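Shown next, in structure tokens, is the structure this report addresses.
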Amino acid sequence: NAGVTQTPKFQVLKTGQSMTLQCAQDMNHNSMYWYRQDPGMGLRLIYYSASEGTTDKGEVPNGYNVSRLNKREFSLRLESAAPSQTSVYFCASSEPRRGLFGNQPQHFGDGTRLSIL
Amino acid sequence: QQQVKQSPQSLIVQKGGISIINCAYENTAFDYFPWYQQFPGKGPALLIAIRPDVSEKKEGRFTISFNKSAKQFSLHIMDSQPGDSATYFCAAPRGNDYKLSFGAGTTVTVRA
Numbered sequence: 121n122a123g124v125t126q127t128p129k130f131q132v133l134k135t136g137q138s139m140t141l142q143c144a145q146d147m148n149h150n151s152m153y154w155y156r157q158d159p160g161m162g163l164r165l166i167y168y169s170a171s172e173g174t175t176d177k178g179e180v181p182n183g184y185n186v187s188r189l190n191k192r193e194f195s196l197r198l199e200s201a202a203p204s205q206t207s208v209y210f211c212a213s214s215e216p217r218r219g220l221f222g223n224q225p226q227h228f229g230d231g232t233r234l235s236i237l
Numbered sequence: 002q003q004q005v006k007q008s009p010q011s012l013i014v015q016k017g018g019i020s021i022i023n024c025a026y027e028n029t030a031f032d033y034f035p036w037y038q039q040f041p042g043k044g045p046a047l048l049i050a051i052r053p054d055v056s057e058k059k060e061g062r063f064t065i066s067f068n069k070s071a072k073q074f075s076l077h078i079m080d081s082q083p084g085d086s087a088t089y090f091c092a093a094p095r096g097n098d099y100k101l102s103f104g105a106g107t108t109v110t111v112r113a
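This is how it looks when you write it as structure tokens:
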């Protein structure tokens, strides 16, 4: 099983260019997430999708858009890239929460390393 | 919004030693506290998690200690091995929102 697959693995953009980061999971999970990872700041949630057709903003959504294309795929789009968006982007998926204490493990892809010049 | 404070930022331990990483969280209506392990060039992977019905959970050489009244939890790595060299992240539910907030990470280096 591939788990969570992200493409591309590396990308360099110029300021103002647009780009879509792709994510697909083969675990039949309902919930999918996009995070960015910056040195000293851990993982910060950009957008979240509880199920196909639904999306919700996370901690740092400005400058990004998402599409939950189907149950497997969740894409992240940068419409006009800025140097502040240079980061490593991770996609994750999980089963939905079960009850009050039923958080389920998140499974991460290996990331897209994005540099914006 | 949930803040999770993790310390130390990095630590170096000799093979066979004990690594200890601490995290503190604010308020949350949910009690689920995972630790993730990340190797260079890879995504984080769940290492161990604890729920509120226990104060300690052990899986092999990894132990979580949980102090609900102090809103603190810690990861202990016993008999540390070079293969444990990685970055470790704690996480906590975000207040009334079951999505996770992550700590800043601790880079552990185990020297042979």
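Protein chains in written order, with my numbering: chain S, 121 to 237; chain U, 2 to 113. Where is the CB? At the ideal position from N, CA and C, for every residue including glycine. Only a predicted model underlies this, so the values are computations on that prediction, with no experimental measurement involved.
C-alpha gap between residue i and residue j, whole angstroms
{"i": "C143 of chain S", "j": "D158 of chain S", "result": "19 Å"}
{"i": "L238 of chain S", "j": "V132 of chain S", "result": "Outside the modelled stretch of chain S, which goes from 121 to 237, sits residue 238 of chain S, for which no answer is possible."}
{"i": "I65 of chain U", "j": "T140 of chain S", "result": "38 Å"}
{"i": "R188 of chain S", "j": "L196 of chain S", "result": "9 Å"}
{"i": "F130 of chain S", "j": "P41 of chain U", "result": "15 Å"}
{"i": "S302 of chain S", "j": "N223 of chain S", "result": "Any answer about residue 302 of chain S is impossible in this case: the structure gives chain S only from 121 up to 237."}
{"i": "L12 of chain U", "j": "I21 of chain U", "result": "9 Å"}
{"i": "V55 of chain U", "j": "P35 of chain U", "result": "14 Å"}
{"i": "F63 of chain U", "j": "V109 of chain U", "result": "14 Å"}
{"i": "Q39 of chain U", "j": "G162 of chain S", "result": "11 Å"}
{"i": "N68 of chain U", "j": "I78 of chain U", "result": "18 Å"}
{"i": "A113 of chain U", "j": "N182 of chain S", "result": "44 Å"}
{"i": "S213 of chain S", "j": "A71 of chain U", "result": "31 Å"}
Collapsed DSSP secondary structure at residue i in the structure displayed
{"i": "S200 of chain S", "result": "coil"}
{"i": "P181 of chain S", "result": "coil"}
{"i": "Q7 of chain U", "result": "strand"}
{"i": "P225 of chain S", "result": "coil"}
{"i": "Q205 of chain S", "result": "helix"}
{"i": "P123 of chain U", "result": "Given that chain U is displayed from residue 2 to residue 113, the structure contains no residue 123 of chain U and the question cannot be resolved."}
{"i": "E27 of chain U", "result": "coil"}
{"i": "M139 of chain S", "result": "strand"}
{"i": "L237 of chain S", "result": "coil"}
{"i": "L189 of chain S", "result": "coil"}
Same chain, Cβ closer than 6 Å to residue i, neighbours up to 5 away in sequence not counted
{"i": "V180 of chain S", "result": "R164, I166"}
{"i": "K58 of chain U", "result": "I51, I65"}
{"i": "G18 of chain U", "result": "S81"}
{"i": "E60 of chain U", "result": "I49"}
{"i": "N23 of chain U", "result": "S8, S75"}
{"i": "Q137 of chain S", "result": "A201"}
{"i": "P216 of chain S", "result": "N150, S151"}
{"i": "G104 of chain U", "result": "V5, Q7, C24, F90, C91"}
Beta-bridge partners of residue i, as assigned by DSSP
{"i": "G216 of chain S", "result": "For clarity, residue 216 of chain S is Pro in the given sequence; the question names Gly instead. Looking at the DSSP assignment, P216 of chain S forms no beta bridge with any residue, so it has no partner."}
{"i": "D176 of chain S", "result": "S:Y168"}
{"i": "A87 of chain U", "result": "U:V109"}
{"i": "I13 of chain U", "result": "U:T110"}
Contact set for residue i: own chain, Cβ-Cβ below 8 Å, skip 5 residues either direction
{"i": "G123 of chain S", "result": "Q145, D146, M147, H227, G229"}
{"i": "P203 of chain S", "result": "T135, I236, L237"}
{"i": "D176 of chain S", "result": "Y167, Y168, S169, A170"}
Same chain, Cβ closer than 7 Å to residue i, five either side skipped, listed in chain order
{"i": "D111 of chain U", "result": "The question names Asp, yet the displayed sequence has Val at residue 111 of chain U. So the list reads V14, K16, S81, Q82, P83, D85, S86, once near-sequence residues are dropped."}
> Can you give, in chain order, each stretch of the beta strand (DSSP E) that sits fully within the segment 36–69 of chain U and has at least 3 residues?
Replying inline: 46–51, 57–60, 63–68
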